[in-house]
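> This is the structure I have questions about; it appears just below.
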Amino acid sequence: MSATTHDVAGSGGRHGGASRRRLARLAAVQALYQLQLNPGLSAEVVIREFVRDRLGREIDGELYGEADVELFADLVRGVASDRERLDETLSAALSEEWPLGRLETILRLILEAGAYELSHRPDIPPRVTMSEYVGIAYAFFTGSEPGLANGVLDRLARTLRGGEL
Numbered sequence: 000m001s002a003t004t005h006d007v008a009g010s011g012g013r014h015g016g017a018s019r020r021r022l023a024r025l026a027a028v029q030a031l032y033q034l035q036l037n038p039g040l041s042a043e044v045v046i047r048e049f050v051r052d053r054l055g056r057e058i059d060g061e062l063y064g065e066a067d068v069e070l071f072a073d074l075v076r077g078v079a080s081d082r083e084r085l086d087e088t089l090s091a092a093l094s095e096e097w098p099l100g101r102l103e104t105i106l107r108l109i110l111e112a113g114a115y116e117l118s119h120r121p122d123i124p125p126r127v128t129m130s131e132y133v134g135i136a137y138a139f140f141t142g143s144e145p146g147l148a149n150g151v152l153d154r155l156a157r158t159l160r161g162g163e164l
C-alpha cells in the first residue's frame with residue numbers, strides 16, 4: 000500500500016487528538032487490507048500486531064505516528080464483524096454504474112470503515128467522518144475515487160445521521 004501516515008496526517012509532526020484519530024483511520028484501513036489478503040487471520044491478531052509492531056514505530060524508514068488505539072481497534076473489529084451489513088448499506092448508496100463488486104479493494108475498505116463510523120460512532124460528527132475518509136481516499140488515489148467516496152459517504156451520512164448535517 001502506498002499511503003503513509005505523512006500522506007494522511009499532513010506535515011508539521013502534529014500528533015494531537017485529531018491527528019491521532021486520522022492516523023487510527025489510516026491504520027484501520029491498512030489492517031482491514033491485511034485481513035482481506037489473509038482471510039485466516041482474525042481481527043484480534045491483526046489489531047495486536049499493529050499496536051505492538053507498527054503504531055508509533057518506524058518501519059522501513061517510515062514513521063507510523065501515534066494513533067488513537069481505541070478508535071483503531073473499534074474500526075477494525077467493527078468492520079470485520081459487520082461487513083455483510085455494511086456492504087448492504089454501501090450497495091444501496093452506490094449507483095448502478097458502480098456496484099460494490101466493481102470497486103477497488105482499498106476504496107471498498109475505506110467506504111466500509113466510513114460506513115461503520117457513521118453508523119456506530121455517534122460521538123464523531125458525520126462531517127468529520129466524511130472529511131477524514133475522503134482524505135484517506137486522496138492518499139491512495141489520484142483519479143475520481145475520492146469524489147466517489149465523498150458522494151457515497153454523503154449519501155450514507157444523510158441516511159444514517161441526516162439530522163446532524
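Residue 139 in numbering that gives the first Met the number 0 sits at position 140 of the sequence shown; the count goes up by one each step and never skips. C-beta: ideal position from N, C-alpha, C; glycine also. Since we're looking at a predicted model, the values are computed, not measured.
In the DSSP output, which residue or residues are listed as bridge partners for Ser61?
Counting from 1 along the sequence shown, the entry for residue 61 is found at position 62. In the sequence as presented, Ser is not what sits at residue 61; that position holds Glu. According to DSSP, Glu61 bridges with Ile58.
> Can you tell me whether DSSP reads Arg53 as helix, strand or coil?
Here residue 53 is taken as the residue at index 54 of the sequence shown, counted from 1. Of the three classes helix, strand and coil, the one that applies to Arg53 here is coil, per DSSP.
> Would you mind listing the alpha helix (DSSP H) stretches within the region 91-124 that are 4+ residues and don't spill past its ends, in chain order?
Those alpha helix (DSSP H) runs which fall completely within the region 91-124 and span 4+ residues are 104-119.
> Once the 5 residues before and after Val75 are set aside, which same chain residues still bring their CB inside 7 angstroms of it?
For this step, residue 75 is matched to residue 76 along the sequence shown. For Val75, where only same-chain residues beyond five positions count, the Cβ hits under 7 angstroms are Ala27, Ala30, Leu31, Ala42, Val45 and Ile46.
> Within 10 angstroms of the Cβ of Thr158, are there 16 or more other Cβ atoms? Answer buried if so, exposed if not.
Here residue 158 refers to the residue found at position 159 of the sequence shown. So Thr158 ends up on the exposed side.
> Leaving out five residues on either side along the sequence, give the residues of the same chain with a beta carbon under 7 angstroms from the beta carbon of Ile109.
In the sequence shown, the residue the question calls residue 109 occupies position 110. The residues are Val28, Tyr132, Ile135, Ala136 and Ala148.
> Would you mind stating whether Glu111 and Val68 have Cβ atoms separated by less than 8 angstroms?
By 1-based counting over the sequence shown, the position of residue 111 is 112. By 1-based counting over the sequence shown, the position of residue 68 is 69. No, the pair does not count as a contact, with Cβ atoms beyond the cut-off.
> Determine the closest residue to Phe71 out of Val50, Ser90 and Glu83, with distance taken between C-alpha atoms.
For the purposes of this step, residue 71 is taken as residue 72 along the sequence shown, with counting starting at 1. Ranking the options by Cα distance to Phe71, first place goes to Val50.
> Measure the C-alpha to C-alpha separation of Asp153 and Glu83 and round it to an integer number of angstroms.
Translated into the one-based positions of the sequence shown, residue 153 becomes position 154. Translated into the one-based positions of the sequence shown, residue 83 becomes position 84. Going by the C-alpha atoms only, they are around 20 angstroms apart.
> In terms of residues, what are the limits of the alpha helix (DSSP H) holding Leu159?
The residue given as residue 159 occupies position 160 in the sequence shown. Glu144 to Arg160 is the span of the alpha helix (DSSP H), which, as asked, contains Leu159.
> Is Arg20 buried or exposed, if buried means 16 or more other CB atoms sit within 10 Å of its CB?
The residue you call residue 20 lines up with position 21 of the sequence shown. Its Cβ being crowded by 16 or more others within 10 Å, Arg20 is buried.
> If you reduce the DSSP assignment to three classes, tell me which class Arg19 lands in.
Counting from 1 along the sequence shown, the entry for residue 19 is found at position 20. Of the three classes helix, strand and coil, the one that applies to Arg19 here is helix, per DSSP.
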